[in-house]
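Report on the structure given below.
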Amino acid sequence: MVEFMEKVAKTGDSEELTVEERNLLSVAYKNVIGARRASWRIISSIEQKEESRGNGDHVSIIKEYRSKIETELSKICDGILNLLDSHLVPSATSAESKVFYLKMKGDYHRYLAEFKTGAERKDAAESTLLAYKSAQDIALAELAPTHPIRLGLALNFSVFYYEILNSPDRA
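Heads up: take any position in the sequence shown, counting from 1, add 183, and you land on this note's numbering.
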């Protein structure tokens, strides 16, 4: 479904996606990324348990598999982020679609920050913050406080502060 929705997004040239197309694109990516994020969390938990037990043979196999999942996660995130930057954000005309796409951009940078380390994690976190702040600026100015996209942005921004920046006070 991801491939088909990418084609839809790219063939519209400078036309904005409809609300239904936008939601289908979001769900398509959410499904493929969600499964891998869940796998990554589980395998990371298993890796920690095996390390604490001193099972070096198991740990090396687990690290290899975790690395494979991380490669898939990076590829998926890079795919949607490129699509957002090259087509979706530039063609967005309504405040609702701008906030939606910028929130989505922040979400996928946040997913990268969940498993990246060092400078890559820092870059992903900074990109998340920029995207969420841009979305928030538009949402505060142009969307009702009860608008579902504005509420979703507020929730995800909180998750970012809590989980990625380890800042429960800001969350």
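Backbone N, C-alpha and C fix where the C-beta goes; we use that ideal spot for every residue, glycine too.
Under a 10 Å Cβ-count criterion, Asp290 is classified as buried, with 16 or more other Cβ atoms of the shown protein chains found around its own Cβ.
Burial of Ala314 is indicated by the presence of at least 16 other C-beta atoms within 10 angstroms of its C-beta. Nearest in C-alpha terms to Lys286, of all of Tyr344, Ser269, Val202, Leu312, is Leu312. In this structure, Glu199 lies near Thr276, with their beta-carbon atoms less than 8 Å apart. Only buried fits Ser280, as 16 or more other CB atoms lie within 10 angstroms of its CB. For Pro331, the three-state secondary structure derived from DSSP is helix. In terms of CA proximity to Glu230, Ile244 leads the group Arg333, Ala221, Ala327, Ile244. It is roughly 10 Å from the alpha-carbon of Asn349 to the alpha-carbon of Ser341. For Ile263 against Tyr212, the beta-carbon gap comes to about 5 Å, under 8 Å, which counts as contact.
In the same chain as Ile332, and ignoring 5 residues on each side of it, the C-beta atoms closer than 8 Å to its own belong to Glu279, Val282, Phe283, Lys286, Ala322, Leu326, in chain order. Following the DSSP letters along the chain, one finds Phe298 inside the alpha helix (DSSP H) bounded by residues 278-298. Look at Gly217 here: in three-state DSSP terms it is helix.
Distances from the alpha-carbon of Gly195 to those of Phe298, Tyr344, Leu271, His292 put Leu271 closest. DSSP places Glu186 in the helix class (H, G or I) of the three-state scheme.
Ala354 and Ala308 have their C-alpha atoms spaced approximately 15 Å apart. The alpha helix (DSSP H) runs lying completely inside the stretch 218-278 and spanning 4 residues or more are 239-266, given in chain order.
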